[in-house]
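Numbering (this note's numbering), first residue to last: 19 to 582.
Glycine included, C-beta positions come from ideal geometry on N, C-alpha and C.
First up is the structure itself, then whatever we jot down about it.
Shown next as structure tokens:
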């Protein structure tokens, strides 16, 4: 076949040379003197037809070019990635597809991958379609099951395409809603769609956003949808297959405990009896058998009872207050942690009810990410003891201290000793009001390598500690993140960069660096030039980029995605 190609190519080259010579001669003949082709009717018709033929020749040449280029692009010497076996190529596709959190929302703006991978070339398309687990993440919205029109049809078609390509692979179901985008009532269509899939669910994420100014019926809509999905799926999910459960209704409203239909209505949980429960049509033993194998729990608004085996054997646990469920007794809190000795990621935002006899602290020797959002620091910190392992810590200033003028270290003096006892390599300080507060905390972290700041006021001068160094010079930072709509005084920034020996500075898209005479550095070019003089690399990120602090796992509170 290659000999035929060589022969045809030689013949085509010779024919094109002859054809070009003839066309050139005709032009020279008819474009000089009195030899006008318009007087030759036969020649006029032939020339007109020839122009059409040349167009068809171009089309055929383009088709031949596409065919040969396709073959060329499969050659490993030309495109080295094609030297990889399909199994490795598929693995790379998985890393690209799941390397960033899913940002699907009710607007039907789906992630680009893996669909985009099928548009590159036939080999990539084949490798992607032949990888069922690449298509196992299914994004859904109840709006796609109601109404009509192109967006609804596209939503259903998208889900069905993914399901077809996923084959019999275990599924990660992600339901995202925003109310009152369209108020939800009991609708069997989304339930009918989910029921056949429930036995294959490896992950179920329900993400419902309810803004505080929404109507009360919007809150009811959100909880109705959440409860409908849980009620229809949990009774069918396969114990041991379901490994990850995320329930995240954002907004005001009553929280509920998830329980079996067999639990008496007057059940007391600790010292508190819930006003409402979500009763699942399962026996208590069946429900506990389903929840026990789960290894990742991220919960807000809907919780298994604190004594449930759902909290045993976890590697990730995130608990946020919601509505009427904002507290946990200290003895149930420590029991929960003790039953998950392999816990790696822990995010906590509840209050703690302290008993007369405080339980001993739980040793968390495998923890690598700790996110603290609780106001109950005095009760929380004595109940946990971290090991010598490197750890990333995110700390949000307690809401009770906002705009009070009181600093964290004065209100909660045990914070400093706790931080000093940990091997903190990454620290995210969120919602603090001044850089001065940060400096006291960071002094407690000699092994710190990455620092992220999201603070309210970084403009005022750091001159409140005249008799001691503002920052601990023993610290050497690889990266300093300034995130959010931060304004920072230029002098403060220079102090931080020098005293922390910062190698790289990462700024958000809406940064502002001020000076005593106004805005000092207002463009990226200004910042880059100044940082070059200081010997610091600088990067910028936009709202479309993965948030730099996703590493800290703090994004569940604001419903951005977190660690995967």
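Candidates the options, of which the one nearest residue i by Cα
i: residue 317; options: 371, 353, 224 and 347; result: 224
i: residue 265; options: 357, 331 and 337; result: 337
i: residue 151; options: 503, 396 and 116; result: 116
i: residue 209; options: 468, 159, 321 and 464; result: 159
i: residue 360; options: 330, 344, 366 and 153; result: 330
i: residue 419; options: 438, 410 and 394; result: 394
i: residue 154; options: 131, 167, 206 and 448; result: 131
i: residue 584; options: 435, 432 and 467; result: As shown, the chain starts at 19 and ends at 582. That puts residue 584 outside it, with no answer to give.
i: residue 399; options: 279, 163, 436 and 298; result: 436
i: residue 314; options: 533, 145, 40 and 221; result: 221
i: residue 260; options: 272, 546, 189 and 525; result: 189
Residue range of the unbroken alpha helix (DSSP H) whose run includes residue i
i: residue 435; result: 433 to 438
i: residue 526; result: From DSSP, residue 526 is part of no alpha helix (DSSP H) but of the beta strand (DSSP E) over 522 to 526.
i: residue 115; result: 104 to 116
i: residue 358; result: First-last for residue 358: undefined, no H or E at that position.
i: residue 447; result: Taken as a continuous stretch (DSSP letters only), residue 447 belongs to no alpha helix (DSSP H), being part of the beta strand (DSSP E) at 441 to 450.
i: residue 207; result: 206 to 212
i: residue 398; result: 395 to 398
i: residue 510; result: 508 to 517
Euclidean distance between Cα positions of residue i and residue j
i: residue 92; j: residue 20; result: 16 Å
i: residue 31; j: residue 147; result: 40 Å
i: residue 455; j: residue 548; result: 26 Å
i: residue 352; j: residue 380; result: 6 Å
i: residue 487; j: residue 500; result: In this predicted model, residue 487 has a pLDDT of only 47, less than 50, meaning its place in the structure is not dependable; the value taken from the coordinates is given anyway. So the two alpha carbons sit approximately 22 Å from each other.
i: residue 375; j: residue 496; result: 44 Å
i: residue 63; j: residue 84; result: 32 Å
i: residue 149; j: residue 183; result: 8 Å
i: residue 521; j: residue 356; result: 39 Å
i: residue 28; j: residue 70; result: 24 Å
i: residue 513; j: residue 378; result: 41 Å
i: residue 186; j: residue 257; result: 17 Å
i: residue 479; j: residue 509; result: With a pLDDT of 46 at residue 479, under the threshold of 50, the modelled position of that residue is not reliable, and no figure is offered here.
i: residue 143; j: residue 267; result: 37 Å
i: residue 403; j: residue 207; result: 48 Å
i: residue 120; j: residue 114; result: 12 Å
i: residue 194; j: residue 89; result: 42 Å
i: residue 517; j: residue 492; result: 8 Å
i: residue 34; j: residue 26; result: 12 Å
i: residue 507; j: residue 129; result: 38 Å
Cβ shell of residue i (< 7 Å), same chain only, five flanking positions each side left out
i: residue 141; result: 92 and 100
i: residue 430; result: 395 and 396
Integer-rounded CB distance, given that residue j should sit under 8 Å from residue i
i: residue 250; j: residue 219; result: At roughly 11 Å, the Cβ-Cβ gap does not stay under 8 Å, so residue 250 and residue 219 are not in contact.
i: residue 349; j: residue 373; result: 6 Å
i: residue 226; j: residue 192; result: Rounded, the Cβ-Cβ distance is 12 Å, inconsistent with contact.
i: residue 312; j: residue 263; result: 6 Å
i: residue 306; j: residue 281; result: That belief does not hold up - the Cβ atoms of residue 306 and residue 281 are roughly 11 Å apart, past 8 Å.
i: residue 368; j: residue 392; result: 6 Å
i: residue 494; j: residue 462; result: About 16 Å separates the two Cβ atoms, so there is no contact after all.
N- and C-terminal bounds of the beta strand (DSSP E) containing residue i
i: residue 170; result: Per DSSP, residue 170 belongs to no beta strand (DSSP E); it is in the alpha helix (DSSP H), 168 to 184.
i: residue 157; result: 155 to 158
i: residue 99; result: Premise fails: residue 99 is in no beta strand (DSSP E) and is neither H nor E.
Residues near residue i by beta carbon distance below 8 Å, same chain, minus five either side
i: residue 296; result: 245, 248, 249, 274, 275, 276, 277 and 320
i: residue 362; result: 333, 334, 384, 385, 386 and 387
i: residue 358; result: 329, 330, 331, 332, 333 and 335
Cutoff 6 Å; reference residue i; Cβ partners in own chain excluding five residues on either side
i: residue 473; result: 450
i: residue 444; result: 410 and 468
i: residue 465; result: 441 and 443
i: residue 366; result: 337 and 392
i: residue 145; result: 104, 107 and 108
i: residue 170; result: 162
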